[in-house]
Amino acid sequence: MKTKQNGPRRRYTPVALPTGPFSEPAAPSFAAATWMVARRDMTATAKSKSFIISTAITLICILLAFVIVSAVSSDSPGPLAGLADDTELLKVAVVGEQEDVVTQIPGLELVEAADSEAATEMVRSGEVEAAILAPAVAGNPLQVVGDETVPDQVVDGLTSMPEVLLLNPPRVAEMARYWLSLAFGILYLMLGAMYGQMIAMNTVVEKQTRIVEILLAAVPTRAMLAGKIIGGSILAVGETVAIVGVCYLGMRMNNMTSWLELVTAPMWWYVAFFLVGFVMYASMFTAAGAMVSRTEDLGGASTPIIMLVMAPYFLVLALNGSDTAMTIMSYVPFTSPVAMPVQLVIGDAGPIQAVISLAILAVTAVGIGAGAARIYANSVLQTGSRLKLRQAFGSKPAARAAV
Amino acid sequence: MLSVKDVTRTFGSVRALDGVTFDVPRGQLTGFVGGNGAGKTTAMRIIMRVLAADSGTVTLDGAPVTAQAARRFGYMPEERGLYPKMSTAEQVSYLGMLHGLDRATAQGRAIELLRILGLEPRAYDPVEKLSLGNQQRAQIAAALVHDPDVLILDEPFSGLDPLAVESVMGLLSKFADRGAAVLFSSHQLDLVERITDSLAIIAAGRIRAAGSRADLIAAHAPPSYALQAADLDWVATARGVSNVAKQPGQVSFQADDAAAQEVLRLAVARGPVVSFGPVVPSLAEIFKDVVEPAGPAANLQEATA
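Structural data, given as structure tokens:
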């Protein structure tokens, strides 16, 4: 087992060392240097066993959750179902001639109504859950009228797909808002903290081993920083996309069509917000990593940033019942990556608000990125004790460690 | 030629470098010698622009060394560092690519350098699995992969076995022969003495002596002779002779040419002379002489000029 081959499978073909006069290879462009740094970081991470295993476990767990949901509940729970109690018979109003069609559906208690008007009124008053009516025009499908929603049982029980009319098209229920806040928040917290820490750790390791001196003797500082942020962000967003993809798959598998319609667009918004938000956090984590000299000291330096990553999760979860709080949080850069997608799901915000919020986040990210670049450049070559933020930020740090 | 001129650097209240001036000529190996904390590493970091000088200049062939110019240099920092989990071959070629080599060239040169340094069998192992000596070789390959014409190497020989020392020396000599300016620091004075053409000796942040090895020896060793004969007691009283040191059967002394010849004549007149000749001091002796605070400061100043 110990003979396991590490490193690339393909062996390098030797090239004779140059002789004669020195010739300068053209220095790589800023973009090329940045990409090389990003690619190295990504490859190094993607090759590590712990990364592969933890990612696989995360994805499998999510998929399993959907499998369990589908096994436990045979009918697909819509986001709006909730209150209907399966054990009781569902009251449905019917008008005379439709009775034959409907009696075959199990679990319904039929209430006869005089005509369509009366049946609709019964729905409105809450006396029945739904009304099944004759088509408005002969040859069209049956009409099913519901208040905020139509029980799936009714729709599924009919032999042909009915036309569904809702008297009070829904705002998404509180539960949906809660669960989505929870899901988006956890994902954000988990991936943000995990990949952020990873970037910070890479930065300290480079500093601790001093390879950063060799690297910075080869590439500009900003290319180094940009490469680290881009590499980490691609991985983090990659996993976000993978998780969102698995959720999508799971919902399809469970036929959760109403959920799907509701969350598909917000999920991609969520990915966009996560990307920009993560770049912001990645800058901060890199700066934190550059400020310490040993991996042991990293915890202290990155704690405030971890708290910033956790903030959206707790705030959005705690305050998601308040419209005002949610509206404010959906624009504040640190909470918007979680709050805005939730608002989009609920329908309290549309694409325009999302774009505005995203723009605010992007501007903040650029500002923080510039600050991080400064801290990184000032700190990453300094060894010794952990730097104070002010020292790291100042243009001429007061005390650089000797030798 | 790489020239360091009047470079000063202070850390807090400690003056790490004080008006440091020396040259690293092209086509030669220049040894940078000094005790612990003398300022070698600080000076090298300033040359590499990893650290900023408070004042002073570093020029290459007359032009100031910019960050961009320093990127061409081959650098081996004091504290060894490569990515622990990456294979040696991979990271040497990665560094080559960061310096602008295409992938095939970077990989090819990486493996060729590792072969020359005797590290080929371990080339695809992660660095953390290598012994310190082997990590050291990997580090040297990393500094050389982009074919730099200026080499700044902090203690490249420390921790290497004699065979590895030979192969590294061979590599560095090839770079020098092609016209590279090579500066390396070392504590191993015998080694430095053997391979360097020029030297800079630093102590407490000041260059105590710098120049070609021959000049240094001439400047720091007043003409000194050793005489082996039966009867030696009289030498101490001979004219023009000073610093006489007697050992059984041998005496060494300082004297100018004429006085030395006179001593030889007298010795021959008194009996058989086993041997007589000039004494060339070792670098270690010069180093001690130059660095010791009690040493004649005036002489040192002359030597740095």
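If you read the protein sequences in the order shown, they are chains V and L. Each residue of the first sequence is one higher than the one before, counting from 12 in our numbering. Each residue of the second sequence is one higher than the one before, counting from 8 in our numbering. Backbone N, C-alpha and C define an ideal beta-carbon position, used for all residues, glycine too.
With burial defined as no fewer than 16 other Cβ atoms inside 10 Å of the residue's Cβ, what is the status of residue i: buried or exposed?
i: threonine 64 of chain L; result: exposed
i: glycine 89 of chain V; result: With a pLDDT of 48 at glycine 89 of chain V, under the threshold of 50, the predicted position of this residue should be treated as unreliable, though the coordinate-derived value follows. Result: buried.
i: isoleucine 209 of chain L; result: buried
i: cysteine 72 of chain V; result: exposed
i: alanine 301 of chain L; result: Confidence is the limiting factor: at alanine 301 of chain L the pLDDT is only 46, short of 50, which leaves the residue's position unreliable and the question unanswerable from this model.
i: phenylalanine 41 of chain V; result: exposed
i: threonine 48 of chain L; result: buried
i: threonine 95 of chain L; result: buried
i: aspartate 296 of chain L; result: buried
i: threonine 335 of chain V; result: exposed
i: valine 275 of chain L; result: exposed
i: leucine 291 of chain V; result: Before going on, a small fix: residue 291 of chain V reads as methionine here, not leucine. So methionine 291 of chain V counts as buried.
i: leucine 139 of chain L; result: exposed
i: isoleucine 254 of chain V; result: buried
i: lysine 58 of chain V; result: exposed
i: valine 242 of chain L; result: buried
i: methionine 51 of chain L; result: buried
i: glycine 196 of chain V; result: buried
i: valine 21 of chain L; result: exposed
i: leucine 91 of chain V; result: For leucine 91 of chain V, the pLDDT reaches just 46, beneath the cut-off of 50, and the residue's location in the model is therefore unreliable, although a value from the coordinates is still provided. By the neighbour-count rule (16 or more Cβ atoms within 10 Å), leucine 91 of chain V is buried.
i: aspartate 96 of chain V; result: The predicted model places aspartate 96 of chain V with a pLDDT of 48, which falls under 50 and marks its position as unreliable; any figure quoted below should be read in that light. Exposed, because fewer than 16 other Cβ atoms sit within 10 Å of the Cβ of aspartate 96 of chain V.
i: valine 374 of chain V; result: exposed
State the beta-bridge partners of residue i as determined by DSSP.
i: glycine 81 of chain L; result: L:Leu158
i: valine 122 of chain V; result: V:Ala104
i: phenylalanine 296 of chain V; result: Note: phenylalanine 296 of chain V sits in no beta bridge, so no partner.
i: phenylalanine 29 of chain L; result: L:Val11
i: valine 324 of chain V; result: The sequence given here has tyrosine at residue 324 of chain V, not valine. Paired residues: none, contrary to the question.
i: alanine 70 of chain L; result: L:Leu67
i: threonine 37 of chain L; result: L:Leu190 and L:Ser205
With distances taken between CB atoms, is the gap from residue i to residue j smaller than 8 Å?
i: isoleucine 118 of chain L; j: serine 174 of chain L; result: no
i: leucine 121 of chain V; j: valine 103 of chain V; result: yes
i: valine 199 of chain L; j: alanine 145 of chain L; result: no
i: glutamine 261 of chain L; j: proline 229 of chain L; result: yes
i: alanine 130 of chain V; j: alanine 142 of chain V; result: yes
i: alanine 225 of chain L; j: proline 32 of chain L; result: no
i: isoleucine 222 of chain V; j: alanine 293 of chain V; result: no
i: isoleucine 147 of chain L; j: proline 163 of chain L; result: yes
i: glycine 34 of chain L; j: glycine 166 of chain L; result: no
i: tyrosine 82 of chain L; j: isoleucine 316 of chain V; result: no
i: threonine 251 of chain V; j: phenylalanine 285 of chain V; result: yes
i: isoleucine 214 of chain L; j: alanine 221 of chain L; result: no
i: valine 165 of chain V; j: valine 134 of chain V; result: no
i: leucine 120 of chain L; j: histidine 153 of chain L; result: no
i: valine 281 of chain L; j: alanine 236 of chain L; result: yes
i: leucine 179 of chain L; j: leucine 9 of chain L; result: no
i: aspartate 167 of chain V; j: glycine 137 of chain V; result: no
i: alanine 245 of chain L; j: leucine 271 of chain L; result: no
i: aspartate 52 of chain V; j: glycine 242 of chain V; result: yes
Quick one: give me the first and last residue of the alpha helix (DSSP H) that residue i is part of.
i: proline 36 of chain V; result: Neither: proline 36 of chain V is in no alpha helix (DSSP H) and is coded neither H nor E.
i: glycine 256 of chain V; result: 232–264
i: proline 279 of chain L; result: Here proline 279 of chain L belongs to no alpha helix (DSSP H), and DSSP marks it neither H nor E.
i: lysine 295 of chain L; result: 290–298
i: isoleucine 363 of chain V; result: 362–390
i: alanine 211 of chain L; result: Counting along the chain, alanine 211 of chain L falls outside any alpha helix (DSSP H), and DSSP gives it neither H nor E.
i: phenylalanine 164 of chain L; result: From DSSP, phenylalanine 164 of chain L is part of no alpha helix (DSSP H); its letter is neither H nor E.
i: glutamine 257 of chain L; result: Unbroken run through glutamine 257 of chain L is the beta strand (DSSP E), 257–261; no alpha helix (DSSP H).
Tell me where the beta strand (DSSP E) around residue i begins and ends.
i: isoleucine 64 of chain V; result: Looking at the DSSP string, isoleucine 64 of chain V is not in any beta strand (DSSP E); the run it does join, the alpha helix (DSSP H), is 60–83.
i: arginine 16 of chain L; result: 9–18
i: lysine 253 of chain L; result: 249–254
i: alanine 142 of chain V; result: 141–144
i: glutamate 174 of chain V; result: 174–177
i: serine 341 of chain V; result: First-last for serine 341 of chain V: undefined, no H or E at that position.
i: leucine 234 of chain L; result: 231–236
i: glutamine 195 of chain L; result: Neither: glutamine 195 of chain L is in no beta strand (DSSP E) and is coded neither H nor E.
At a Cβ threshold of 8 Å, is residue i touching chain B?
i: isoleucine 245 of chain V; result: The chain labelled as chain B is not found among the protein chains of the depicted structure, namely V and L.
Counting beta carbon pairs with one atom in the segment 70–84 of chain L and one in the segment 216–236 of chain V, are three or more of them shorter than 8 Å?
Cβ pair count under 8 Å is three or more, so yes.
Per the contact definition of three or more C-beta pairs closer than 8 Å, is the segment 37–46 of chain L in contact with the segment 188–205 of chain L?
They touch, by the three-pair rule.
Flag this pair as touching only if the segment 16–29 of chain L and the segment 53–70 of chain L have three or more C-beta atom pairs under 8 Å; answer yes or no.
Segments in contact, yes.
Would you call the segment 345–358 of chain V and the segment 377–388 of chain V in contact, with 3 or more CB pairs under 8 Å?
The segment 345–358 of chain V and the segment 377–388 of chain V do not touch, with fewer than 3 CB-CB distances between them shorter than 8 Å.
Stretch-stretch touch, CB-based, cutoff 8 Å, three pairs: the segment 123–136 of chain L with the segment 43–50 of chain V
Result no; under three Cβ-Cβ pairs closer than 8 Å.
The segment 203–217 of chain V contacting the segment 353–360 of chain V, beta-carbon criterion three pairs below 8 Å:
The segment 203–217 of chain V makes no contact with the segment 353–360 of chain V, as fewer than three CB pairs between them are under 8 Å.
Would you call the segment 301–321 of chain V and the segment 255–273 of chain V touching, i.e. three or more CB-CB distances under 8 Å?
Verdict: no, contact absent.
Looking at C-beta atoms only, is the number of pairs between the segment 22–38 of chain V and the segment 104–114 of chain L that lie closer than 8 Å three or more?
Yes: at least three Cβ pairs fall under 8 Å.
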